[in-house]
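Asker: Let me begin by handing over the structure; questions about it come next.
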Amino acid sequence: MTNNTTYRQAIEELETILRALETDTVDVDDLTARVQRSAELIRLCKQKLRNAESAIERVFENLEEEDDSAPDEEDELPPTRSTGPGKNGSGSGRMPGQLPF
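Heads up: the sequence shown begins at 1 in full-length UniProt numbering, then just goes up one per residue.
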């Protein structure tokens with residue numbers, strides 16, 4: 001088994017071995033070799049899945065860190081000012097949240 005075998009290649013080889021075991025009359029020596037190869041391929045696939053899972057977790061952790069370090073929307077808005085007394089004495093003549101028209 002080579003380290004540059006892809007996950008897809010390993011799965012395809014496993015499927016080929018399985019089909020051969022299901023259809024062929026396999027002698028004991030060949031059966032042993034195929035089972036050993038299958039075990040190697042399964043270990044390779046498990047390792048590739050663990051590596052992919054770790055990489056994906058790191059991506060999400062980085063996204064969360066970026067979200068935590070980004071300023072909140074409220075921090076980005078300029079402070080509101082009172083424009084002086086209005087009709088109702090509240091300063092702007094509007095209720096909070098009301099549009100100016």
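Glycine included, C-beta positions come from ideal geometry on N, C-alpha and C.
1) Going straight from the alpha carbon of residue 50 to that of residue 28, what length do you get?
2) May I ask which residues mark the beginning and end of the alpha helix (DSSP H) holding residue 5?
3) In this structure, how does DSSP classify residue 33 when only helix, strand and coil are distinguished?
4) Could you give the DSSP three-state label for residue 39: helix, strand or coil?
5) Which residues in the same chain as residue 20 place their Cβ atom closer than 8 Å to its Cβ, once the five residues preceding and following it in sequence are excluded?
6) What would DSSP say about residue 23, mapped onto helix, strand or coil?
7) From the DSSP output, in three-state form, read off residue 52 for me.
8) Please report the straight-line C-alpha distance between residue 44 and residue 15, rounded to a whole angstrom.
9) On the CB-based measure, 16 or more other CB atoms within 10 Å of its CB, does residue 41 come out buried or exposed?
Answerer: Looking at the coordinates:
1) 33 Å
2) Run containing residue 5: none; DSSP gives neither H nor E here.
3) helix
4) helix
5) 26 and 34
6) helix
7) helix
8) 15 Å
9) buried
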